[in-house]
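All letters in the sequence shown, in the order written, are residues 0 to 622 by numbering that gives the first Met the number 0.
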Amino acid sequence: MSKDLEIIKEKCDRENFEKIVKIENNYLFKFIVKFIKLLNPKTIFICEDSENDFNYIRNKTISDGEEKKLSMEGHKVHFDGYYDQGRDKEHTRLMVPKGVCLGSGLNTIDKERGLEEILSIMEDIMHDRELYILFFCLGPANSKFAIPAIQLTDSSYVAHSEIILYRPGYEEFRRLGNYKDFFQFVHSAGEIKDGVSVNIDKRRIYMDTEEDIVYSVNTQYGGNTIGHKKLAMRLGINRASKENWLTEHMFISGIHGPGGRVTYFAGAFPSMCGKTSTAMIPGETIVGDDIVYIKKIENKVYAVNVEIGIFGIIEDINPDDDPSIWKVLNEPNEIIFSNVLVAEDGDVCWVGKPGDVPEKGINHSGEWYPGKKDSEGKEIAPSHKNARFTVNLKNLYNLDINYDNPDGVEIKGIIYGGRDSDTLVPVQEAYNWVHGIISMGASIESETTAATLGKTGIRKFNPMSNLDFLSIPVSKYIDINLEFGESLENPPKIFSVNYFLKDSNGNYLNEKTDKRIWLKWMELRVHEEVKAINVGTGFIPEYEDLKILFKAVLGKDYVKKDYIRQFTLRVPENLSKIDRIIKIYNDLGSGVPDILFEILKEQKTRLENLKNKEGEYISPFSF
Ligand code: SPV
Ligand code: MN
Numbered sequence: 000m001s002k003d004l005e006i007i008k009e010k011c012d013r014e015n016f017e018k019i020v021k022i023e024n025n026y027l028f029k030f031i032v033k034f035i036k037l038l039n040p041k042t043i044f045i046c047e048d049s050e051n052d053f054n055y056i057r058n059k060t061i062s063d064g065e066e067k068k069l070s071m072e073g074h075k076v077h078f079d080g081y082y083d084q085g086r087d088k089e090h091t092r093l094m095v096p097k098g099v100c101l102g103s104g105l106n107t108i109d110k111e112r113g114l115e116e117i118l119s120i121m122e123d124i125m126h127d128r129e130l131y132i133l134f135f136c137l138g139p140a141n142s143k144f145a146i147p148a149i150q151l152t153d154s155s156y157v158a159h160s161e162i163i164l165y166r167p168g169y170e171e172f173r174r175l176g177n178y179k180d181f182f183q184f185v186h187s188a189g190e191i192k193d194g195v196s197v198n199i200d201k202r203r204i205y206m207d208t209e210e211d212i213v214y215s216v217n218t219q220y221g222g223n224t225i226g227h228k229k230l231a232m233r234l235g236i237n238r239a240s241k242e243n244w245l246t247e248h249m250f251i252s253g254i255h256g257p258g259g260r261v262t263y264f265a266g267a268f269p270s271m272c273g274k275t276s277t278a279m280i281p282g283e284t285i286v287g288d289d290i291v292y293i294k295k296i297e298n299k300v301y302a303v304n305v306e307i308g309i310f311g312i313i314e315d316i317n318p319d320d321d322p323s324i325w326k327v328l329n330e331p332n333e334i335i336f337s338n339v340l341v342a343e344d345g346d347v348c349w350v351g352k353p354g355d356v357p358e359k360g361i362n363h364s365g366e367w368y369p370g371k372k373d374s375e376g377k378e379i380a381p382s383h384k385n386a387r388f389t390v391n392l393k394n395l396y397n398l399d400i401n402y403d404n405p406d407g408v409e410i411k412g413i414i415y416g417g418r419d420s421d422t423l424v425p426v427q428e429a430y431n432w433v434h435g436i437i438s439m440g441a442s443i444e445s446e447t448t449a450a451t452l453g454k455t456g457i458r459k460f461n462p463m464s465n466l467d468f469l470s471i472p473v474s475k476y477i478d479i480n481l482e483f484g485e486s487l488e489n490p491p492k493i494f495s496v497n498y499f500l501k502d503s504n505g506n507y508l509n510e511k512t513d514k515r516i517w518l519k520w521m522e523l524r525v526h527e528e529v530k531a532i533n534v535g536t537g538f539i540p541e542y543e544d545l546k547i548l549f550k551a552v553l554g555k556d557y558v559k560k561d562y563i564r565q566f567t568l569r570v571p572e573n574l575s576k577i578d579r580i581i582k583i584y585n586d587l588g589s590g591v592p593d594i595l596f597e598i599l600k601e602q603k604t605r606l607e608n609l610k611n612k613e614g615e616y617i618s619p620f621s622f
């Protein structure tokens, strides 16, 4: 027996030891030993791809208090600490070796310093705890897309979330044998009191893309801890950049067109800006809602959902707007609710759920009652804005038949969205790939939300909605996106959408359901079945086509007045946006492709000419 296996054996019982030996991967054994020495767990549990092992984790969530059972079977609730309710951007850092520069916009720390800090925080941290070792596969197993990945954690909640959200990977590891390029995640919730991490001041999420390893400590919130989610995204973006494919913050949906045709779209939106609700839109079918790998295969574009579940926002989920999720949440499926309000009878409540709010209950602040204030005097809502549900896709009736297809689905359209109250029209199509990547994807600005800690409502630059997750310089990332489509004869069409446009009184100009129409219109555009109007920033829909779609899909009369209000070209706002984006890229310094400035300046000239001819606010009927 090797020295490494001997060390592992000391911490395992026979059953668990046999499970690890069967993988026959020396790189894996070395990795585990390194962390046994650092974390010093009391015991180790190895999780195979079996219900038996998954049940072990599920039971642990209850016995160690990280989750509690709710009244409906399969439903459980987990609370993160009061100050641990979102991604901690400040303490999430890429560790970079000396001499490497990732440019501005990315949060970095010198690798030597970072490692020293994180390793010292993690030292001995599991001395009184069990270490769970879990294996997953990002993307469908045994496919061109698959990336095997391992999670070490002492949190049964994190382990449980991953069992719901990712494809099992123990058998994939066995199949691969002595394979070394797996992603590695090491997490400890740190000291726990009343089920939550207490040492929040020492919360750190440090990433090492050279070694494909991410460390996370003293936190429980999923975006900081579930390795295979946003932590794997940083590793994925780095790997993709070297191998000429893409890792994106996107949903995938099958949009159902005329004659039973299904056309797949992928769409990037910043957190809490309608990505999941778009993926879940009634009448269409979902492949995924958060993270995709996109590859070129024989001159076409294919994508897979990296995950197999949803870690979705629960606020405002209601039976009318979200029938599929509503059904899932009200049936005895395996669900983890996080940071919701739990009433005395074990029923779950969230802001925006139809019905009365209970007079008391338990939420992320402990015992809750209406009017309760926190230590800063701020009133505590029944549920946190970033409260979520975790559920496997197989429970959805609107799941697309290709959701687990190892070949992926062919992507014909790419959508970029953001939270923009005053600039972009509700939907428009780019002139071509390069124009779309630059003027839409690379130019996304979005008002901040509660998905990250900090102030909300501030306009922030967020290229491809991926800025938080980049592990390579922004300029290089833009370049890779440009190149990806340029080599294709027939790249996917690119669109931008804006669900958040308001009038001058601050009222939304669209109904939530209008996005169904934009999707149907984009589907028709991909197949060149409707015309469009060139307005200088792209192509917008013709009124008559929307009118037909509104009637057919929503049974609504779409009046000209609404069309004009929604699709009026707002020239001053568009010009200011271009100036802001040019300044941001200028400030990034060298490396930004020249074409980016050229495309934006051309757009500016087009808009200025239009302004001279037609004025500042131009009706779509004036084109
Ligand atoms: C997001 O914030 O984009 C999410 C949830 O999808 S998190 O896991 O926090 O990233
Ligand atoms: Mn996300």
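By construction, the Cβ of each residue, glycine as well, lies at the ideal position given by its N, Cα and C atoms.
Remember, predicted model here, so these are calculated numbers, not experimental data.
Please report the residue range of the beta strand (DSSP E) in which residue i lies.
i    : result
A531 : 531 to 533
F460 : 458 to 460
D109 : 107 to 109
What does DSSP give as the partner residues of residue i in its beta bridges?
i    : result
E183 : According to the sequence shown, residue 183 is Gln rather than Glu. Answer is I149, I212.
L206 : Per the sequence shown, the amino acid found at residue 206 is Met instead of Leu. Beta-bridge pairing links M206 to L93, V213.
I493 : I413
S119 : Looking at the DSSP assignment, S119 forms no beta bridge with any residue, so it has no partner.
G287 : I251
K132 : The residue you asked about is not Lys; residue 132 is Ile in the sequence shown. DSSP lists I45, L151 as partners of I132.
G360 : A342, W367
K75  : K68, I335
G646 : For the chain, the structure presents residues 0 to 622; residue 646 sits outside this window and is missing.
K29  : K29 is not bridged to any residue.
Between which two residues does the alpha helix (DSSP H) containing residue i stretch?
i    : result
A231 : 231 to 242
V525 : 513 to 525
G221 : 221 to 224
E9   : 2 to 10
Y476 : 473 to 485
N15  : 13 to 20
R174 : 169 to 175
V327 : 322 to 328
Using a threshold of 8 Å, is the CB atom of residue i nearer than that to any non-hydrogen atom of the ligand SPV?
i    : result
M206 : no
S709 : The chain is shown from 0 up to 622; residue 709 falls before or after that span and cannot be answered.
I443 : no
Y26  : no
F310 : yes
I225 : yes
Y220 : yes
Following a CB-centred definition, is residue i positioned closer than 8 Å to any heavy atom of the ligand MN?
i    : result
D593 : no
K229 : yes
I539 : no
D87  : no
H248 : yes
K274 : yes
I290 : yes
Considering only C-alpha positions, which residue in the set the options is nearest to residue i?
i    : options                : result
P157 : Q219, I61, I199        : The sequence shown places Val at residue 157, rather than the Pro named in the question. Comparing Cα positions, the closest option is Q219.
E482 : N243, E161, K36        : N243
V20  : E170, I312, E597       : E170
W520 : E17, F494, N504, L500  : F494
S160 : K179, G222, K582       : G222
S103 : L606, S589, K612       : S589
E116 : S49, R202, L69         : R202
K546 : D556, L340, G537, D127 : D556
D109 : P167, E17, Y205, G311  : Y205
I437 : D593, E306, L114       : D593
L606 : F596, N394, N585, I577 : I577
T91  : I61, V216, P40         : V216
L500 : K377, G412, E572, L230 : E572
Does the beta carbon of residue i fall short of 8 Å from some heavy atom of the ligand ATP?
i    : result
T451 : With respect to the ligand ATP, the structure offers nothing, as its ligand set consists of the ligand SPV and the ligand MN.
Say whether chain C places a C-beta atom closer than 9 Å to the C-beta of residue i.
i    : result
S103 : Here chain C cannot be found, since the structure has a single protein chain.
TODO: Would you list, in sequence order, the uninterrupted alpha helix (DSSP H) runs of no fewer than 4 residues that lie entirely inside the stretch 290 to 314?
DONE: List check, alpha helix (DSSP H) in window: nothing returned.
Open item on the list: At 4 residues or longer, what runs of the alpha helix (DSSP H) sit wholly inside the stretch 42 to 69?
Closed with: Qualifying alpha helix (DSSP H) stretches, in chain order: 50 to 62.
Open item on the list: Please give me, in chain order, every unbroken run of the alpha helix (DSSP H) with length at least 4 that falls completely inside the stretch 564 to 605.
Closed with: 570 to 587
Open item on the list: Report the start-end ranges of each beta strand (DSSP E) in the stretch 428 to 454 that is 3 residues or longer and not cut off at the edges.
Closed with: 444 to 446
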